[in-house]
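J.:
Protein chains: 2
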Amino acid sequence: MLTIVEKFGGTSVGSVERIKAVAEHIAKKRALGERIVVVVSAMSGETNRLIALAHDLSESPSPREMDVLISTGEQVTIALLAMALHEYGVKAKSYTGSQVSIRTDNVYSKARIVDIDGQRIVDDLNDDTVVVVAGFQGSNEKGEITTLGRGGSDTTAVALAAAIKADECRIYTDVDGIYTTDPRVVPEARRLDRITAEEMLEMASLGAKVLQTRSVEFANKYKVPLRVLSSFEDGPGTLIHYDQEGDPMEAPLISGIASQRDEAKLTIRRIPDQPGVAHKVLGPVSAAHINVDVIIQNASEKGFTDLTFTVPRPDFKACKKILEQLVIDLGAQDIRTDEEIAKVSIVGVGMRSHTGVAHLMFQTLAENDINILMISTSEIKVSVIISEEQHDLAVQSLHRAFELHKF
Amino acid sequence: MLTIVEKFGGTSVGSVERIKAVAEHIAKKRALGERIVVVVSAMSGETNRLIALAHDLSESPSPREMDVLISTGEQVTIALLAMALHEYGVKAKSYTGSQVSIRTDNVYSKARIVDIDGQRIVDDLNDDTVVVVAGFQGSNEKGEITTLGRGGSDTTAVALAAAIKADECRIYTDVDGIYTTDPRVVPEARRLDRITAEEMLEMASLGAKVLQTRSVEFANKYKVPLRVLSSFEDGPGTLIHYDQEGDPMEAPLISGIASQRDEAKLTIRRIPDQPGVAHKVLGPVSAAHINVDVIIQNASEKGFTDLTFTVPRPDFKACKKILEQLVIDLGAQDIRTDEEIAKVSIVGVGMRSHTGVAHLMFQTLAENDINILMISTSEIKVSVIISEEQHDLAVQSLHRAFELHKF
Chain A
102 MLTIVEKFGG TSVGSVERIK AVAEHIAKKR ALGERIVVVV SAMSGETNRL
152 IALAHDLSES PSPREMDVLI STGEQVTIAL LAMALHEYGV KAKSYTGSQV
202 SIRTDNVYSK ARIVDIDGQR IVDDLNDDTV VVVAGFQGSN EKGEITTLGR
252 GGSDTTAVAL AAAIKADECR IYTDVDGIYT TDPRVVPEAR RLDRITAEEM
302 LEMASLGAKV LQTRSVEFAN KYKVPLRVLS SFEDGPGTLI HYDQEGDPME
352 APLISGIASQ RDEAKLTIRR IPDQPGVAHK VLGPVSAAHI NVDVIIQNAS
402 EKGFTDLTFT VPRPDFKACK KILEQLVIDL GAQDIRTDEE IAKVSIVGVG
452 MRSHTGVAHL MFQTLAENDI NILMISTSEI KVSVIISEEQ HDLAVQSLHR
502 AFELHKF
Chain B
102 MLTIVEKFGG TSVGSVERIK AVAEHIAKKR ALGERIVVVV SAMSGETNRL
152 IALAHDLSES PSPREMDVLI STGEQVTIAL LAMALHEYGV KAKSYTGSQV
202 SIRTDNVYSK ARIVDIDGQR IVDDLNDDTV VVVAGFQGSN EKGEITTLGR
252 GGSDTTAVAL AAAIKADECR IYTDVDGIYT TDPRVVPEAR RLDRITAEEM
302 LEMASLGAKV LQTRSVEFAN KYKVPLRVLS SFEDGPGTLI HYDQEGDPME
352 APLISGIASQ RDEAKLTIRR IPDQPGVAHK VLGPVSAAHI NVDVIIQNAS
402 EKGFTDLTFT VPRPDFKACK KILEQLVIDL GAQDIRTDEE IAKVSIVGVG
452 MRSHTGVAHL MFQTLAENDI NILMISTSEI KVSVIISEEQ HDLAVQSLHR
502 AFELHKF
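If you're matching them up, the sequences are chains A and B in order.
Just so we're aligned, residue 102 is where the first sequence starts under this note's numbering, counting upward by one.
Just so we're aligned, residue 102 is where the second sequence starts under this note's numbering, counting upward by one.
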């Protein structure tokens, strides 16, 4: 019998009717003999409602208490879904993250899973029970409630799948799979049947918002077969696989175009050059749990260096504050910032065996008068930072240039 | 330094503004040097909102899942109150019932506390931290969430006060103390400064709805000084004490009149008489967690007996179903029911030393043409069951007859 972890996000459980639909879906899968663990998010809107309550009380509420507060959102959903499953005659039990021993570190609101004891879940599965688990949450070694940050329910699902050695982890979303790029930007964008985990990792981390990066990393680490499907319509979705076989020459030039609008760029200028400058600047930023993305260091003048990097726009202000202190501490000249940038990336394992991929990208952008502010490359992707207002034009022209609609 | 447990109900924390007011109140108490544990209920309306969601999904939702669902109500409040306390510069930490080891039995939705480990709370108090605990909830030995039933937050507060040996447990409510009777029925009703726990127990169990019976039982068992106060205005409230000293002849004839409207009466008629009839009838009723109140057994005819008892009206239908089966099993004749009855009781330790108290009650009711359906007495109370429509008249005329407005 297949053991499956299925994850439904906030929109999929956003109303009593949607919860009933999910229960009916699970009942059908049960009838096929699948052993099922369901991971659910808070009903859509609920998390924001709770956050608004907190902000009515405090400008910067305690992260510990925020986690106590917003973890109730998923707890409501698990109970309701278990009740709905009972109505379909399906044995089901709900558990909070803490109850199924999802142990995390102590970083409230952005905790990382350190361990899961899957025994309780396996016992229930052996007892023909569907196990409904609250996504997005766990508890630290003191038993205090923690949350994994936005999108953390995907990570919960993958981590549970790894812990109980599930045959597949299915993430139900509001899209029917992974596309060559955002169909809202490029109407001819095409659903991919399969994508390697490596490519998906680049796509996810680059802002293809279907799956949270950490969940793909987790899946990749434990080789959990991961499938992205629509919760609203039937279909095969996109399978994220670990199969490195097949003729690489057969692979398409690139698999997709990822992009990210909400980025900001910061430059700290004329830092007196010394060993470890990048570490001294980025250490404090990282300690504030801000994810730095593209980094460029450039010795502008003898004895001095400039360091430029991008961060998610919501972290911009906090990051700027840190740099202002660093200008003083390191004796740098000043800071320059740009809050209206976007990142556009082409991704594909095909790059390994095809040459000229980056060149075609730069040529296409040049032909469309798009100015490249920063470039970053990896083995299977090329990213450029551009002005946010040219985001759509860049994605559309690249999709055409790489003939992604054709495959 | 005094160690105090303070409990605020749903109305007292019913909005962000009310939560701020509670936080301000606690901050003032902290400034006076009190060590404080706060127990809170769900924001008013929240529990009903959650119950409505459940009933949209299921006519009789699983009690286990109901407890997972509605326990989120208090969890939201504890986090918000802790945040509000931080804004007043007060160190505070929130805990769910499970997190502070409030161990209960397995009766979902009506669980009873079996044990509390107060160490974590004491550690926090020693660290100058206000401890905010979710009322109404705990967890069983498997770590599954349980709730204590309506009003259970009072019980949580008293049980915590007993566990940490607090100097006083203060229950903040929407009234400013215990009254001689319901002021909505008798405008001249008067607030009592003090009442013995014994009297309070009779008042509470008889439906003076200010405090939940179980909380008073708990307080009485562990001799926790309990004070009922208004959360909206300053005042001394009513202290529930264990002082049996003083001249009993000085005590007023009765202390108060308790009444309960939502009762129902059931009679199972002509049961073939045999030892243990009451046990055979009431055993299954009790097993269904229905609280039987007044019980009368009467051998109506040689060889047969009638058994009449009252139950809370919400349990009436379930109870009737049980009796219908028992009529068959025991070979009884039939069932008679009355769903529109009320109970009115006079309560007072003064009864012990004064005679004629019951007589004055019966005389007063007779003068007002109120028909008594059942009578039940204890050492410090006399209760009568009457038609519900005569409830107000009975309470008003008794309050006058016993001159309760005068003391």
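Idealized CB from N, CA, C, for every residue including glycine.
Note that the structure is predicted; figures quoted are calculated from it, not measured.
Measuring CA to CA, which of A:Leu-249, A:Gly-457, A:Lys-324 and A:Tyr-273 is closest to Ile-265 (chain A)?
T.: Looking at the Cα atoms, A:Lys-324 is the closest of the given residues.
J.: Between Val-117 (chain A) and chain B, is any beta-carbon pair separated by less than 7 angstroms?
T.: At least one chain B Cβ lies under 7 angstroms of Val-117 (chain A).
J.: Whose Cβ in chain E lies nearer than 7 angstroms to the Cβ of Thr-173 (chain B)?
T.: Structure shown: chain E not included; protein chains present are A and B.
J.: CA-CA distance, Pro-326 (chain B) and Cys-270 (chain B)?
T.: Whole-angstrom Cα-Cα distance: 6 angstroms.
J.: In the structure shown, what three-state DSSP assignment does Asn-399 (chain A) receive?
T.: It is a strand residue.
J.: To the nearest angstrom, how far is the alpha carbon of Leu-226 (chain B) from that of Pro-376 (chain B)?
T.: Going by the C-alpha atoms only, they are around 56 angstroms apart.
J.: In chain A, which residues lie less than 7 angstroms from Gly-244 (chain B) when you measure between Cβ atoms?
T.: Ordered by position in chain A, the residues that pass the 7 angstroms Cβ test against Gly-244 (chain B) are Gln-200.
J.: Could you name the residues of chain A that Ser-195 (chain B) contacts, counting a contact when the two beta carbons are closer than 7 angstroms?
T.: Correct list: Glu-166 and Val-169.
J.: Can you look up Asp-157 (chain A) in the DSSP assignment and give me helix, strand or coil?
T.: Helix.
J.: Anything in the segment 117-132 of chain B with a Cβ closer than 8 angstroms to a Cβ of chain A? List those residues in chain order, please.
T.: The residues in question are Val-117, Ile-120 and Lys-121.
J.: Excluding the five sequence neighbours on either side, which residues of its own chain have a C-beta within less than 8 angstroms of the C-beta of Ala-124 (chain B), listed in chain order?
T.: Here the set comprises Leu-182, Ala-185, Leu-186, Glu-188, Tyr-189 and Val-191.
J.: Are the C-beta atoms of Glu-188 (chain A) and some chain B residue less than 7 angstroms apart?
T.: Chain B contact via Cβ: present.
J.: With a CB to CB cut of under 6 angstroms and the five nearest residues on each side skipped, what residues in its chain are close to Met-475 (chain A)?
T.: Excluding sequence neighbours, Met-475 (chain A) sits near Val-395, Ile-397 and Ile-486.
J.: Taking only beta-carbon atoms, is Asp-157 (chain A) less than 7 angstroms away from chain B?
T.: Asp-157 (chain A) counts as touching chain B.
J.: Closer than 8 angstroms is the cut-off here; do at least three beta carbon pairs connect the segment 147-163 of chain A with the segment 124-136 of chain A?
T.: Short answer: they don't touch.
J.: Is Glu-402 (chain A) buried or exposed, if buried means 16 or more other CB atoms sit within 10 Å of its CB?
T.: Under this definition Glu-402 (chain A) is an exposed residue.
J.: In chain B, which residues lie with their C-beta within 8 angstroms of the C-beta of Ser-254 (chain A)?
T.: Result: empty, since nearest Cβ-Cβ is about 17 angstroms, beyond 8 angstroms.
J.: My output table needs one value for Tyr-343 (chain B): the three-state DSSP class, helix, strand or coil.
T.: Three-state result, Tyr-343 (chain B): coil.
J.: Taking its Cβ as the centre, do 16 or more other Cβ atoms sit within 10 Å of Ala-378 (chain A), making it buried, or is it exposed?
T.: Sequence check: residue 378 (chain A) is Val here, not Ala. So Val-378 (chain A) ends up on the buried side.
J.: Consult DSSP for Glu-300 (chain A) and reduce its assignment to one of helix, strand or coil.
T.: Three-state result, Glu-300 (chain A): helix.
J.: Which same chain residues end up closer than 8 angstroms to Lys-421 (chain A) when comparing Cβ atoms and leaving out the 5 residues on each side of it in sequence?
T.: Leu-367, Ile-436 and Thr-438, listed in sequence order.
J.: Could you name the residues of chain A that Pro-337 (chain B) contacts, counting a contact when the two beta carbons are closer than 7 angstroms?
T.: Near Pro-337 (chain B) there are no residues of chain A at all, since even the closest Cβ is about 30 angstroms away, more than 7 angstroms.
J.: Whose CA, out of B:Ile-222, B:Asp-416 and B:Leu-431, lies closest to the CA of Ile-372 (chain B)?
T.: Considering only alpha carbons, the answer is B:Leu-431.
J.: Inspect the beta-carbon positions of Val-201 (chain A) and Ile-222 (chain A) and report whether they are closer than 7 angstroms.
T.: Yes, they are a contact pair.
J.: Determine the direct distance from the alpha carbon of Leu-499 (chain A) to that of Leu-408 (chain A), and round the result to whole angstroms.
T.: When rounded, the distance between both Cα atoms is 29 angstroms.
J.: Tell me the rounded alpha-carbon separation between Ala-290 (chain A) and Met-304 (chain A).
T.: Computed Cα separation, rounded: 14 angstroms.
J.: Check whether the Cβ atoms of Val-169 (chain B) and Val-141 (chain B) lie closer than 7 angstroms to each other.
T.: For Val-169 (chain B) and Val-141 (chain B), no; Cβs fall outside 7 angstroms.
J.: In whole angstroms, give me the CA-to-CA distance for Val-542 (chain B) and Thr-112 (chain B).
T.: Only positions 102 to 508 of chain B appear in the structure, and residue 542 (chain B) is not among them; the question remains open.
J.: Could you give the residue range of the beta strand (DSSP E) that holds Arg-271 (chain A)?
T.: 269-274 is the extent of the beta strand (DSSP E) around Arg-271 (chain A).
J.: Per DSSP, Leu-330 (chain A) forms a beta bridge with which residues?
T.: DSSP output for Leu-330 (chain A) lists A:Tyr-273 as bridge partner(s).
J.: In terms of alpha-carbon separation, which member of B:Gly-250, B:Ala-180 and B:Ser-116 lies closest to Ile-152 (chain B)?
T.: The shortest Cα separation from Ile-152 (chain B) among B:Gly-250, B:Ala-180 and B:Ser-116 belongs to B:Gly-250.
J.: Name, please, each residue of chain A whose Cβ falls closer than 7 angstroms to the Cβ of Met-184 (chain B).
T.: Simply Ala-155, Leu-158, Ser-159, Pro-162, Ser-163 and Glu-166.
J.: Could you please give the first and the last residue of the uninterrupted alpha helix (DSSP H) stretch that includes Ser-316 (chain A)?
T.: Ser-316 (chain A) -> alpha helix (DSSP H) spans 314-323.
J.: Please tell me whether Leu-408 (chain A) has its Cβ less than 7 angstroms away from any Cβ of chain B.
T.: Chain B contact via Cβ: absent.
J.: As an exercise, report each continuous beta strand (DSSP E) stretch of at least 3 residues that is fully enclosed by the segment 208-259 of chain B, in chain order.
T.: Fully enclosed beta strand (DSSP E) runs of 3 or longer: 214-217, 231-235, 238-240 and 246-248.
J.: Would you list the residues sitting across from Thr-205 (chain B) in a DSSP beta bridge?
T.: In DSSP, Thr-205 (chain B) forms a bridge with B:Ile-214.
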